[in-house]
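Below: one structure, written as structure tokens.
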Amino acid sequence: MAKPHNKNNHPSRKRRRQRRRHQSAGRVPGSLRVSRDAVATTVRAIGYDSTGIEDHPNFDISQLPKLLGKWQKVWVDVTGLGTEATLRELGQQLLLHPLALEDTINVHQRAKVDLYSDHLFFVAHMAASQPDRLTEQCSFFLKHSLLVTFQEQSNSTWEQVRLRLRNGHTGLQQGGVDFLAHALLDACLDSFFPELDHLGDQLDSFDEQATEGRTPVDFHQIHLIRHELLQFRRIIRPHRDMVNELVRDDCMFVTAETRVFLRDCFDHVIQLLDIVESYRELAADLRDFQMSLTSNRLNNIMRVLTVLSTLFLPMTFVTGLYGMNFDTTSAWNMPELHWRFGYLFSFGLMAIFTLGMMLYFRKRGML
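When the letters of the sequence shown are read in order and numbered with numbering that gives the first Met the number 0, they come out as residues 0 to 366.
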């Protein structure tokens, strides 16, 4: 189940772009580099099978052999990537491959799958719980009876899966750890739907404003939405290949039953990509439509100004003609200057010119 959408996640300002931290040149592959901004690491372990469940919110990793001996399946959930000593101990105790552990800590990886001799490693993303971030990385280490997950920080996306597991959901308790991994991956993908729905609602609102002409659409808002949609596409698109890799028949850590459900995850990825593309096209159409409206308004304003300027041309000519200061005693001077009705004649002449041009412009649809 997807997490509720945070109403404060409004693209009135650009959310922080997540960039991958690259290793320094010459650094040993598989070495750990903990970020100073990372959250302190906490470990939670859940042992379960078809008979029951045992939850340890603050788990001592040294007790893992005992928990594995007691329960058929164990889920070790690690939250926070800021305690290097704990992460090293986890890697040693759980026999996690150093390269996979490095990719876990060095977040903002593309969604991918790596197969090692004794475990399967894959990376996915979920919608972030922080209003200034777009997504968070989650990493999965899958063995035959052990599932180890890593999250950057506490997130409510998986809480519904934990609740189903604690309440004795038969599918989760009776299925293997690969089925639990599928449920968590499905929750990650579902977390994107409320985020995209929120962006879609904003685009629909802008579309109504544009078509009804109530208020001009904010170009800045459309740009921010298109920017977030581009980031969503960049993050979601690799999940298609990742899930497809998990569905392959040669993956020994995923059962045939779980592959059927993973195909549903694959459908969710395709659906998310379709939504992103349709919203990107709508945002582009809104931008083009608003630019067209702005151009039309500018053309109308220029047309009115041009017509007004043209209407004043004959009046300017008449006033300029009779405003010439020549010798008033000359026989060749304008006789209208000494005419009793010359003033009224000039006004009438200007009115006739103006009225005639107005009728002409109105007939041509320019007024």
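Yeah, the Cβ is synthetic: ideal placement off N, Cα and C, and Gly gets one too.
Top-ranked residue by Cα proximity to Ile269, from Glu227, Leu292, Arg239 = One-based indexing of the sequence shown puts residue 269 at position 270. Nearest C-alpha to Ile269: Arg239.
Residue span of the beta strand (DSSP E) that contains Ala123, given as start and end | Position 124 of the sequence shown, counted from the start, is the residue given in the question as residue 123. Unbroken beta strand (DSSP E) run through Ala123: 119 to 126.
Quick one: using the 10 Å Cβ neighbour count with 16 as the cut-off for buried, is Phe346 buried or exposed?
-> Residue numbering aside, residue 346 sits at position 347 when the sequence shown is read from its first letter. So Phe346 counts as exposed.
What residues in its chain sit with their C-beta under 6 Å from that of Ser49, if we drop five residues either side in the sequence?
-> Translated into positions along the sequence shown, residue 49 becomes position 50. Cβ neighbours of Ser49 beyond the five flanking positions: Gln172, Gln173.
Between Ser153 and the rest of its own chain, which residues show a CB-CB distance below 7 Å, the 5 nearest in sequence each way excluded?
-> Along the sequence shown, read from residue 1 onward, the residue named residue 153 stands at position 154. Once the five neighbours on either side are set aside, the close Cβ partners of Ser153 are Thr78.
In three-state terms, what does DSSP make of His55?
-> Taking the first residue of the sequence shown as 1, we reach residue 55 at position 56. Correct three-state label for His55: strand.
Own chain residues within Cβ distance below 6 Å of Gly25, not counting five before or after | Sequence index remark: in the sequence shown, residue 25 carries index 26 (1-based). Here the model assigns Gly25 a pLDDT of 49, short of 50, so the residue's position is not dependable, and the following value carries that caveat. Nothing meets the Cβ criterion.
Can you grab the Cα-Cα spacing for the pair Gly51 / Ser155, in whole Å?
-> Within the sequence shown, numbered from 1, the residue matching residue 51 stands at position 52. Within the sequence shown, numbered from 1, the residue matching residue 155 stands at position 156. About 23 Å.
Identify which residue in Val160, Val42, Thr103 has its Cα closest to the Cα of Ser34.
-> By one-based count along the sequence shown, residue 34 stands at place 35. Residue Thr103 is the option with its Cα nearest to Ser34.
What residue from Arg258, Tyr321, Ile351 has the CA that sits closest to His337's CA?
-> In the sequence shown, residue 337 corresponds to position 338, counting from 1. Of Arg258, Tyr321, Ile351, the residue nearest in Cα terms is Tyr321.
In three-state terms, what does DSSP make of Ala185?
-> Sequence index remark: in the sequence shown, residue 185 carries index 186 (1-based). The sequence given here has Asp at residue 185, not Ala. Asp185: helix per DSSP, three-state reduction.
If you pair each beta-carbon of the region 137 to 154 with each one of the region 69 to 87, do three or more pairs fall below 8 Å?
-> yes
Ignore the nearest five residues each way along the sequence and tell me which others in Tyr359's own chain have a CB closer than 7 Å to its CB.
-> Stepping through the sequence shown from its first residue, residue 359 is reached at position 360. Nothing listed; no residue qualifies.
Helix, strand or coil for Glu151, going by three-state DSSP, please let me know.
-> Within the sequence shown, numbered from 1, the residue matching residue 151 stands at position 152. Note: Glu151 maps to coil in three-state DSSP.
Taking all protein chains shown into account, do 16 or more other C-beta atoms lie within 10 angstroms of the C-beta of Asp110, making it buried, or fewer, making it exposed?
-> On the sequence shown, residue 110 is found 111 positions in, with the first residue counted as 1. The sequence given here has Ala at residue 110, not Asp. When all chains shown are included, Ala110 counts as buried.
Below 8 Å on the Cβ atoms is my guess for Arg302 versus Met365; work out the distance and round it to an integer in Å.
-> One-based indexing of the sequence shown puts residue 302 at position 303. One-based indexing of the sequence shown puts residue 365 at position 366. Indeed they touch by this definition, with Cβ atoms about 7 Å apart.
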